[in-house]
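Report on the structure given below.
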Amino acid sequence: MKFSVAVEYALHGLIYMAGLEENKSIRIQDMSRFQGISESYLSKTYAKLAKAGIISSAAGAKGGYRLSKPAEQISFWDVIEAIEGKEPLFRCEELRCKSISVNIDALPEEYTNTPCLISRVMHDAENEMKRYLSGKNIGWLYDQVFNRKFSPEEKERALRWFREHSN
Numbered sequence: 024m025k026f027s028v029a030v031e032y033a034l035h036g037l038i039y040m041a042g043l044e045e046n047k048s049i050r051i052q053d054m055s056r057f058q059g060i061s062e063s064y065l066s067k068t069y070a071k072l073a074k075a076g077i078i079s080s081a082a083g084a085k086g087g088y089r090l091s092k093p094a095e096q097i098s099f100w101d102v103i104e105a106i107e108g109k110e111p112l113f114r115c116e117e118l119r120c121k122s123i124s125v126n127i128d129a130l131p132e133e134y135t136n137t138p139c140l141i142s143r144v145m146h147d148a149e150n151e152m153k154r155y156l157s158g159k160n161i162g163w164l165y166d167q168v169f170n171r172k173f174s175p176e177e178k179e180r181a182l183r184w185f186r187e188h189s190n
């Protein structure tokens, strides 16, 4: 299993959007420059976040992106689903019933009417990951980064940069 780099780009950008002053936004050009990543790729990523209602955009000279709801209401899983889609990570093809050595007509009904054990294990694992990532949100991430990891100087430098570049 592998999430695309867009998930990382999105989460990093959302941390900084969480620190924007109220009703301020950041232009895609400034965010891509700050993060040192492709503007066109980041633009596609933010379009997915906007479509999911995680961020909102405003056009024009004073335009840009901002969170569309409080950071505490945006979970990691929300971001992953916005970027990667809602398809399950595992898809069972029911191979247990397709093997050349299996006579499907001779299988007991309880075998064919119950979910594949492999499928159940994989879906249970995905649900555990979803539960865990749904419990982590951008507000929590902001606190971890800005109030626990960054020194006061690093925090002020980053927030000042965004104050100077926000609309």
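If you're matching positions, the sequence shown starts at 24 in my numbering and goes up one per residue.
A virtual CB, placed ideally from N, CA and C, is assigned to each residue, including glycine.
Quick caveat, the model's predicted, so the values are computed rather than measured.
Would you say methionine 54 and leucine 90 are within 8 angstroms of each other, going by their C-beta atoms?
no
So, helix, strand or coil for arginine 171, using DSSP?
helix
Taking a contact to mean a Cβ-Cβ separation below 8 angstroms, would you say alanine 94 touches lysine 71 in this structure?
no
Just to confirm my understanding: we take serine 142, look at its own chain, exclude 5 residues before and 5 after, and list those with CB closer than 6 angstroms. What are they?
Cys115
Any chain B beta carbon closer than 8 angstroms to alanine 94:
The question asks about chain B, but that chain is absent: this structure has only one protein chain.
Give me the Cβ distance between leucine 34 and leucine 156, rounded to the nearest whole Å; I'm assuming they're in contact under 8 angstroms.
11 angstroms between Cβ atoms; not a contact.
Does the distance from the CB of tyrosine 69 to the CB of isoleucine 60 come in under 8 angstroms?
no
Is DSSP giving leucine 43 helix, strand or coil here?
coil
DSSP three-state call for serine 63: helix, strand or coil?
helix
Burial state of leucine 140, where buried means 16 or more other Cβ atoms lie within 10 Å:
exposed
Cutoff 7 angstroms; reference leucine 43; Cβ partners in own chain excluding five residues on either side:
Ile49, Arg89, Phe185, Ser189
Using CA atoms only, rank isn't needed, just tell me which of Ser63, Gln96, Arg56, Lys85 is closest to alanine 75.
Gln96
Do you know how far the Cα of alanine 73 is from the Cα of valine 28?
18 angstroms
How many angstroms separate the CA atom of proline 138 from the CA atom of phenylalanine 26?
27 angstroms
Name the two residues that bound the continuous alpha helix (DSSP H) containing arginine 89.
First-last for arginine 89: 87-90, but that is the beta strand (DSSP E), not the alpha helix (DSSP H).
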